[in-house]
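Listed below in structure tokens is the structure:
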């Protein structure tokens, strides 16, 4: 082990150091000045961006005896994760303060979760992956329960914890089978072992694979492993939902790409069918069930499930194009999701969560600008051009058609039409109905600016989607 | 910078930028404030300047040139090989002119009738105008699709915010119907992209396709365009949308958005899947005739003026699809060109007439807040000037010679006579039906004794309404009496289209 290894792993090491610093600094900050913890955390995330930009991996470097990898994929995912965690913190600050749950732990757990995500993004062996996954999962369980006096939050935290523990168990069980068959935990050795001895590609390996897919499906929130997702989205306080709905999706993508593509890519024929089934189910269940929701957080939860269906369908093709568009889809979806939950936080105020669809009634009269922003976000999620959601869907459909599944593409677009209905319903409430609640929106200037930029980004990325798409193709092509 | 090279981009982006500026200005608290005045001026100026630019397009257009003109082509999304590629030919130019011509009229007609959020209202129309020009000038399938779908957004809001009592139902139905129709077109585009490696419409036209593939692609296109036209039996969104939309929305919907279906058939279905189109042409003719005859009867029974005109639109658009798909019913000769040209002229003419009819209903609605025919009677006594316009447009709608309504329908009927006597028999039959439902409505609304006190209190057209209706009346008569410039504009492109369709792609 040489010194260079530590340079390659500098982002995680720096973040760990910064977490310790935030932890200690927070001890010396009293409740009135808690906002200082926020600023320290934002500074920490800013430092992370600098560190990530300073160390540009031009190719793969595998370190720590093959358990850690740094490549362009981990780079872009980490940068995006840092940015979205920072956005989540920014949107959350005023809400947490108004609702008297402004605790240092929120930022601290958020940062620890980020560390977990970054470990997952750079994992090159099953054990590193599992380590990152648990770091992330444990901080998320605690985050969901952060408002410990709130019964729904506590309930959803328990639900999340129990189901999450089962899923982790499945994953670990699957890992042990794969290890038993291939004799390795490191992804490329696994892949090489399967190539070297095709007879390994048989029932015991498939058995382990099935458990792995259960674990991955759970982390994505894919049907039929989705039951936790709407409950947690609804039960958690909105800032926590915002956190869960954004950056961890990038980590879930890394989980898939590292394990199933890097490690078990040779088994594509076997896992493709399983992934296709859960993807199609996610698409259908997500879109149809979302129609019936009146709670917007829950509705966005089901909408996430539908989007996961799209991401998994891109990954199911197993082509380089498919992987690249899955990355594009995830990145752009997370932008829209951050904006949408940010908008819910914007409409909330002390002791009042704007979590019902009807709370969006007459937003156009209250704030034409933010109604417009929310409209951008909703049309983007619905996949209507010229917003970026359209290009994301277009690319996935194109990848699926290229793989010869035109029928599946037809199903995907029809599901999008079903999905359009519930996004339109939000716009309908905002524009076509009169406001019951005429309170003026209260938000700090920085939140207004960032939320506006966030929402305009879905339009801007839709008008010039080229550069990001090219970047995704360079990374995974 | 040479403007003529970027004329199409100007026509697309100028109104969109104007609309964005209006959103940025925003609505004041009071619509009569000076701010409201400012944005009306911005809206009108933008739309008139756009119209003036489109005249430049007309002047610079060479009728004899067979290829696309005013071409612009820049890479847009490299990794998908998508280009920002624009151009016009004899089919799209008249439709672009119609768009830029109707929009200022709509702005003037809604000058002070829209009380709530006028800035957003005018912004929606301007943005819509830019997107519609985009649809008619896009030469890249993906660009076409982007314009085609984004167009739904402003219309969705126009009907939903400023519409009537059942506006939410109507606008959701409008959006979902058209969205459902279009997404399959997207799959077809992606399939064709897989075959050609680009989204260029001319590459799509050149690529050989099996009959099986052509059938599927035709059906995907058909769903998108038939909903838009709309053809029977996917027309049910239209009466709802028209009835609930504000006057300006109805005008744009009838005058321009319906034409996109017809345009789509000509620009995409016929040249890209000629064999598929031929295979389904019998079905298309049947559907067109059903629209003409059956919807004509439905129109006869309407009690609501807007609904009546909406159904009459469906029937008239039936002539368009009939004219287009009659192509294969000839052994050769000139009938084909006549049918397509007739269909295209019918689109322009219907754009003018239906727009004018909706404006006429709007004039009455602004005064009495009712569209029910039975609430009116004897309007001619109190509004003589209005009555004159209304009767003129009604005659045009019924296809009276000398008005634009006659030219297109007559050409289509002659063409169908050459193809098959029974087609012509059924199509010509509706000339009577058309006259019946339109003139009967005019009789009940305009003529007779003054029906009630409300009608007695009506005031005749103000100068703003007069200007709008007069401009439309002149253009209806102009196209009717002297259609030659329009026909000349189209003829070369239509000939080329027929030749292209004649080449089997199998």
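Protein chains in written order, with my numbering: chain A, 11 to 487; chain B, 1133 to 1638.
Heads up, the beta-carbon is just placed ideally off N, CA and C, and yes, glycines get one too.
The structure displayed is predicted, hence computed values, not measured ones.
Query - Cutoff 8 Å: residue 430 of chain A Cβ touching any chain D Cβ - result: Protein chains A and B are contained in the structure displayed, whereas chain D is not.
Report task. Determine which residues of the segment 1304-1326 of chain B have a Cβ less than 8 Å from any Cβ of chain A, and write them out in chain order. Result -> 1304, 1307, 1308, 1311, 1312, 1315, 1316, 1318, 1319, 1322, 1323, 1325, 1326
Report task. With 8 Å as the threshold, decide whether the Cβ of residue 1539 of chain B is near any Cβ in chain A. Result -> no
Query raised in the report: Using a Cβ-Cβ distance under 8 Å, would residue 1158 of chain B count as near chain A?
Result: yes
Query raised in the report: For residue 1605 of chain B versus residue 1521 of chain B, is the C-beta spacing smaller than 8 Å?
Result: yes
Requested in this report: Can you tell me which of the three DSSP states residue 1133 of chain B falls into?
Outcome: Note that residue 1133 of chain B scores a pLDDT of 49, beneath 50, so its modelled location is shaky; the value from the coordinates is reported in the next line. Coil, per DSSP.
Report task. If I'm right that residue 234 of chain A touches residue 291 of chain A with Cβ under 8 Å, what's the distance once you round it to whole angstroms? Result -> Indeed they touch by this definition, with Cβ atoms about 7 Å apart.
Query - Any C-beta of chain B under 8 Å from that of residue 306 of chain A - result: no
Query raised in the report: Along the chain, which unbroken stretches of the alpha helix (DSSP H) at least 4 residues long are found entirely within the segment 302-365 of chain A?
Result: 306-326, 330-357
**Report entry** Test: residue 444 of chain A CB closer than 8 Å to a CB of chain B
**Finding:** no
**Report entry** Alpha carbon of residue 285 of chain A to alpha carbon of residue 444 of chain A, nearest angstrom
**Finding:** 44 Å
Query raised in the report: beta strand (DSSP E) containing residue 1207 of chain B: first to last residue?
Result: 1201-1209
Query - CB contact flag (residue 1648 of chain B, residue 1581 of chain B, <8 Å) - result: Because chain B is modelled from 1133 through 1638, residue 1648 of chain B falls outside the range shown and cannot be assessed.
Query raised in the report: For the segment 465-483 of chain A, which residues have a beta carbon sitting closer than 7 Å to at least one beta carbon of chain B?
Result: 475, 476, 479, 480, 483
Query - Buried/exposed call for residue 1253 of chain B, threshold 16 Cβ in 10 Å - result: Classified as buried, residue 1253 of chain B has 16 or more neighbouring CB atoms from the shown chains inside 10 Å of its CB.
**Report entry** Distance, residue 399 of chain A Cα to residue 277 of chain A Cα
**Finding:** Rounded to the nearest whole angstrom, the CA to CA distance from residue 277 of chain A to residue 399 of chain A is 31 Å.
Query - residue 1221 of chain B classed as buried or exposed, judged by whether at least 16 other C-beta atoms fall within 10 angstroms - result: buried
Query raised in the report: For the alpha helix (DSSP H) that contains residue 463 of chain A, what are its first and last residues?
Result: 455-473
**Report entry** Cβ-Cβ distance between residue 1426 of chain B and residue 1364 of chain B below 8 Å
**Finding:** yes
Query raised in the report: Candidates B:1382, B:1439, B:1450: which alpha carbon is nearest residue 1415 of chain B's?
Result: Out of B:1382, B:1439, B:1450, B:1450 has the C-alpha closest to the C-alpha of residue 1415 of chain B.
Query - Spatially closest choice to residue 1491 of chain B from B:1600, B:1405, B:1513, B:1419, by CA coordinates - result: Ranking B:1600, B:1405, B:1513, B:1419 by Cα distance to residue 1491 of chain B puts B:1600 first.
Report task. To the nearest angstrom, report how far apart residue 1171 of chain B and residue 1251 of chain B are at their CA atoms. Result -> 6 Å
Query - Continuous alpha helix (DSSP H) stretch holding residue 1521 of chain B: start and end - result: 1516-1529
Query raised in the report: With 8 Å set as the bound, which would you pick, yes or no: does the beta-carbon of residue 416 of chain A sit closer than that to a beta-carbon of chain B?
Result: Answer yes: the Cβ-Cβ gap between residue 416 of chain A and chain B drops below 8 Å somewhere.
Query raised in the report: How big is the Cα-Cα spacing for residue 5 of chain A and residue 51 of chain A?
Result: Outside the displayed span of chain A (11 to 487) sits residue 5 of chain A, for which this structure offers no information.
Query raised in the report: Do we get a CB-CB distance below 8 Å when we pair residue 1301 of chain B with the residues of chain A?
Result: no
Query raised in the report: For residue 1635 of chain B, which of helix, strand or coil comes out of DSSP?
Result: Residue state, collapsed to three classes: coil.
Query - Near-chain A residues of the segment 1195-1223 of chain B - C-beta to any C-beta below 9 Å - result: Answer in chain order: 1207, 1208, 1209, 1210, 1211, 1212, 1214.
**Report entry** Inter-stretch contact at 8 Å, needing at least 3 Cβ pairs: the segment 363-378 of chain A / the segment 316-330 of chain A
**Finding:** no
Query raised in the report: In angstroms, rounded to a whole number, what distance separates the CA positions of residue 1319 of chain B and residue 1515 of chain B?
Result: 52 Å
Query raised in the report: With a cut-off of 8 Å, do at least 3 Cβ pairs link the segment 94-102 of chain A to the segment 344-355 of chain A?
Result: Result yes; three or more Cβ-Cβ pairs closer than 8 Å.
**Report entry** CB-CB length for residue 387 of chain A against residue 465 of chain A, believed under 8 Å
**Finding:** Rounded to whole angstroms, the Cβ separation of residue 387 of chain A and residue 465 of chain A is 6 Å, and the two are in contact under 8 Å.
Requested in this report: May I ask you to report which of helix, strand or coil DSSP gives residue 393 of chain A?
Outcome: coil
Query raised in the report: Can you tell which of A:221, A:435, A:40, A:204 has the C-alpha that lies nearest to the C-alpha of residue 178 of chain A?
Result: A:221
Report task. Assess, as a yes-or-no matter, whether the segment 1623-1635 of chain B is touched by the segment 1471-1479 of chain B under the definition of 3 or more beta carbon pairs within less than 8 Å. Result -> yes
**Report entry** Extent of the continuous alpha helix (DSSP H) to which residue 1288 of chain B belongs
**Finding:** 1284-1294
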